[in-house]
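**Q** In our numbering, the protein residues as written are 12 to 428. A virtual CB, placed ideally from N, CA and C, is assigned to each residue, including glycine.
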């Protein structure tokens, strides 16, 4: 009888599995259809290829049937947009085989804009349009502003990364741009994951420009995913092979430098030395993926980057803040040779953290950061996914260019395990 029961259980399990397979296949097909391109513009995103005071790039995706990709832009008004007052900007289109399907990416670079001005724009082919979006150009001179910084979003993007992005914008709805410190998706060649990434930002990415830097998952066998340059229109002001992954942007008194921590490291150090030597801005912030000083207990500090970036370049210039990801936990240093180093994570796959040498560290929590600049003050806040303030400090710029670090949270707040 025992043998018969086992036999019947096996048969029943096989029947259940056969019944479940079509349902699983149907569910996968439904997920795929959610991200299939169409003639309607999607994955609309703002980036800067040049001066944020006078230039704005918008990039979007369609299927391969679209033949005439354009952007329409005008100074924003309180009422409907009048067609006669708009400019038409032709886009550059690139076909792209994304794996599940072929698509097209379109990029329109809008030039000759007025500083400190709110614009309205939409993209399409002249018949099928996106909705109207807004963007604001940078001011001519330094003015107070804030921006958002996220570590790795890559895991459980749609299910869990979404609330971090949205809670961040609820806390800083006036943020001028979004910094992503690499590993935006877990597999850079997976179009469905990019669909999730754009899905969680939606209209936000089309309204607030993005400053992305690549992580190891944006590379596949040492090659940058084709999605990167198709999706992001970024400055070409660095060296060969790392254009649009290493670059710098000046925004209202701050120089933001993206470094590619995956290749041409020594050459980037030489380039960065020139970028920082000729820097008229009061504040300098670097963003790259792999931290110099790890907060992961099973990883070692990156001695190569410490030698060729920190000692060779960082220590020679007045750098204020370094923003990174990769370790899937939160950590913030004391002042290290005049610089504060931060590691953060926005997605799941959370890791342990070591805090022996850190001013504050945390694990088992997703974070977003709000960074505010106001003349000689830089204020940094790190929040958890629920909006709880977890870490905060202020950098106060001295006349000689060095900083005073002021802890804002009470010393008894403690770190999170």
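Which two residues bound the contiguous beta strand (DSSP E) that contains residue 82?
**A** Mapped onto the chain shown, residue 82 falls at position 71. 81-86 is the extent of the beta strand (DSSP E) around residue 82.
**Q** DSSP on residue 334, reduced to helix/strand/coil?
**A** As a first step, residue 334 is located in the chain shown; it is residue number 323 there, counting from the start. DSSP places residue 334 in strand when its eight states are reduced to three.
**Q** So which of 244, 80, 230, 76 has the shortest CA-CA distance to residue 63?
**A** Position 52 of the chain shown holds residue 63. Looking at the Cα atoms, 244 is the closest of the given residues.
**Q** Quick check: what's the CA-CA separation for residue 401 versus residue 393?
**A** Along the chain shown, read from residue 1 onward, the residue named residue 401 stands at position 390. Along the chain shown, read from residue 1 onward, the residue named residue 393 stands at position 382. So the alpha carbons of these two residues sit roughly 6 Å apart.
**Q** With burial defined as no fewer than 16 other Cβ atoms inside 10 Å of the residue's Cβ, what is the status of residue 288: buried or exposed?
**A** Sequence index remark: in the chain shown, residue 288 carries index 277 (1-based). So residue 288 ends up on the exposed side.
**Q** Unbroken beta strand (DSSP E) runs of length 3 or more, entirely within the region 203-231: which are they?
**A** With a minimum length of 3 residues, the unbroken runs of beta strand (DSSP E) contained wholly in the region 203-231 fall at 221-224.
**Q** Among residues of its own chain, excluding the 5 on either side of residue 97, which ones have a beta-carbon nearer than 7 Å to its beta-carbon?
**A** Walking along the chain shown from the start, residue 97 turns up at place 86. These residues qualify, in order along the chain: 83, 84, 85.
**Q** Measuring straight from C-alpha to C-alpha, what distance separates residue 65 and residue 297?
**A** Numbered from 1 along the chain shown, position 54 holds the residue referred to as residue 65. Numbered from 1 along the chain shown, position 286 holds the residue referred to as residue 297. Taking the straight line joining both Cα atoms gives about 23 Å.
**Q** How would you write the range of the beta strand (DSSP E) that residue 135 sits in, first residue to last?
**A** Here the question's residue 135 lines up with position 124 in the chain shown. That run of the beta strand (DSSP E) goes 129-135.
**Q** Specify, as a first and last residue, the run of the beta strand (DSSP E) that residue 283 falls within.
**A** Counted from its first residue, the chain shown places residue 283 at position 272. Per DSSP, residue 283 belongs to no beta strand (DSSP E); it is in the alpha helix (DSSP H), 276-288.
**Q** Restricting to runs no shorter than 3 residues, where is the beta strand (DSSP E) found entirely within the region 295-348?
**A** 332-335, 341-344
**Q** Can the beta-carbon of residue 155 be found less than 8 Å from the beta-carbon of residue 414?
**A** What you label residue 155 is simply residue 144 of the chain shown in a count that begins at 1. What you label residue 414 is simply residue 403 of the chain shown in a count that begins at 1. Not a contact, by the Cβ cut-off of 8 Å.
**Q** In the structure shown, what three-state DSSP assignment does residue 115 receive?
**A** What you label residue 115 is simply residue 104 of the chain shown in a count that begins at 1. It is a strand residue.
**Q** Residues bridged to residue 415 by DSSP?
**A** Taking the first residue of the chain shown as position 1, residue 415 is located at position 404. Looking at the DSSP assignment, residue 415 forms a beta bridge with 407.
**Q** In chain order, which continuous runs of the beta strand (DSSP E) of length 3 or greater are located wholly inside the region 145-193?
**A** 156-161, 189-192
**Q** For the beta strand (DSSP E) that contains residue 385, what are its first and last residues?
**A** By one-based count along the chain shown, residue 385 stands at place 374. 378-385 is the span of the beta strand (DSSP E), which, as asked, contains residue 385.
**Q** From the DSSP secondary-structure annotation, give me the bridge partner or partners of residue 98.
**A** Residue mapping note: residue 98 aligns to position 87 of the chain shown, counting from 1. In the DSSP output, where bridge partners are listed per residue, residue 98 has 84.
**Q** What separation, rounded to the nearest whole angstrom, lies between the Cα atoms of residue 307 and residue 370?
**A** Reading the chain shown from its first residue, position 296 is the one you call residue 307. Reading the chain shown from its first residue, position 359 is the one you call residue 370. Cα to Cα, residue 307 sits roughly 15 Å from residue 370.
**Q** Which term fits residue 70, buried or exposed, when burial requires 16 or more other beta carbons within 10 angstroms of its beta carbon?
**A** As a working note, residue 70 is residue 59 in the chain shown. So residue 70 counts as buried.
**Q** Can you tell me whether residue 254 is helix, strand or coil according to DSSP?
**A** Within the chain shown, numbered from 1, the residue matching residue 254 stands at position 243. If DSSP states are grouped into helix, strand and coil, residue 254 belongs with the strands.
**Q** Would you kindly report the start and end of the unbroken beta strand (DSSP E) that includes residue 373?
**A** Taking the first residue of the chain shown as 1, we reach residue 373 at position 362. Per DSSP, residue 373 belongs to the beta strand (DSSP E) from 369-373.
**Q** For residue 178, collect the residues of the same chain with a Cβ closer than 8 Å to its Cβ; drop the 5 residues on either side in sequence, then sort them by chain order.
**A** Within the chain shown, residue 178 is the residue found at index 167, counting from 1. Answer for residue 178: 379, 394, 396, 397, 398, listed in chain order.
**Q** Nearest by alpha-carbon distance to residue 136: which of 126, 148, 72 is it?
**A** Walking along the chain shown from the start, residue 136 turns up at place 125. Cα-wise, what sits closest to residue 136 is 72.
**Q** Would you give the residue range spanned by the beta strand (DSSP E) that residue 72 belongs to?
**A** Translated into the one-based positions of the chain shown, residue 72 becomes position 61. Where residue 72 is concerned, the enclosing beta strand (DSSP E) stretches over 67-73.
**Q** How about residue 268 and residue 286: are their beta carbons less than 8 Å apart?
**A** For this step, residue 268 is matched to residue 257 along the chain shown. For this step, residue 286 is matched to residue 275 along the chain shown. For residue 268 and residue 286, yes; Cβs fall inside 8 Å.
**Q** Do the region 357-365 and the region 323-341 make contact, defined as three or more Cβ pairs closer than 8 Å?
**A** yes
**Q** Just the C-alpha distance for residue 203 and residue 251, rounded to the nearest angstrom, thanks.
**A** Position 192 of the chain shown, counted from the first residue, corresponds to residue 203. Position 240 of the chain shown, counted from the first residue, corresponds to residue 251. Looking at the two C-alpha atoms, the distance is approximately 30 Å.
**Q** Determine the extent of the alpha helix (DSSP H) in which residue 240 is found, giving its start and end residues.
**A** Here residue 240 refers to the residue found at position 229 of the chain shown. Here the alpha helix (DSSP H) through residue 240 covers 237-242.
**Q** Please confirm whether residue 301 and residue 256 have their CB atoms less than 8 Å apart.
**A** As a working note, residue 301 is residue 290 in the chain shown. As a working note, residue 256 is residue 245 in the chain shown. Contact: no.
**Q** Output the distance between the C-alpha atoms of residue 348 and residue 157, rounded to the nearest integer angstrom.
**A** For this step, residue 348 is matched to residue 337 along the chain shown. For this step, residue 157 is matched to residue 146 along the chain shown. So the alpha carbons of these two residues sit roughly 25 Å apart.
**Q** Identify whether residue 38 lies in helix, strand or coil by the three-state DSSP scheme.
**A** Your numbering for residue 38 matches position 27 in the chain shown. Any reading at residue 38 needs caution, since the residue's pLDDT is 46, under 50, leaving its predicted position unreliable; the model's value is listed next. DSSP places residue 38 in helix when its eight states are reduced to three.
**Q** Candidates 293, 186, 389, 291: which alpha carbon is nearest residue 220's?
**A** The residue labelled residue 220 in the question sits at position 209 within the chain shown. For the set 293, 186, 389, 291, the Cα lying nearest the Cα of residue 220 is the one of 186.
**Q** Among the residues of its own chain, which have a CB less than 8 Å from the CB of residue 38, if the five just before and after it don't count?
**A** Along the chain shown, read from residue 1 onward, the residue named residue 38 stands at position 27. The predicted position of residue 38 is uncertain, since its pLDDT is 46 and thus under 50; no value can be drawn from it.
**Q** Specify the secondary structure class of residue 44 as computed by DSSP and reduced to three states.
**A** Taking the chain shown and counting its residues from 1, the one referred to as residue 44 is at position 33. Three-state result, residue 44: helix.
**Q** To the nearest angstrom, report how far apart residue 206 and residue 410 are at their CA atoms.
**A** Residue mapping note: residue 206 aligns to position 195 of the chain shown, counting from 1. Residue mapping note: residue 410 aligns to position 399 of the chain shown, counting from 1. C-alpha of residue 206 to C-alpha of residue 410: approximately 47 Å in a straight line.
**Q** By DSSP, does residue 356 sit in helix, in strand, or in coil?
**A** Translated into the one-based positions of the chain shown, residue 356 becomes position 345. Correct three-state label for residue 356: strand.
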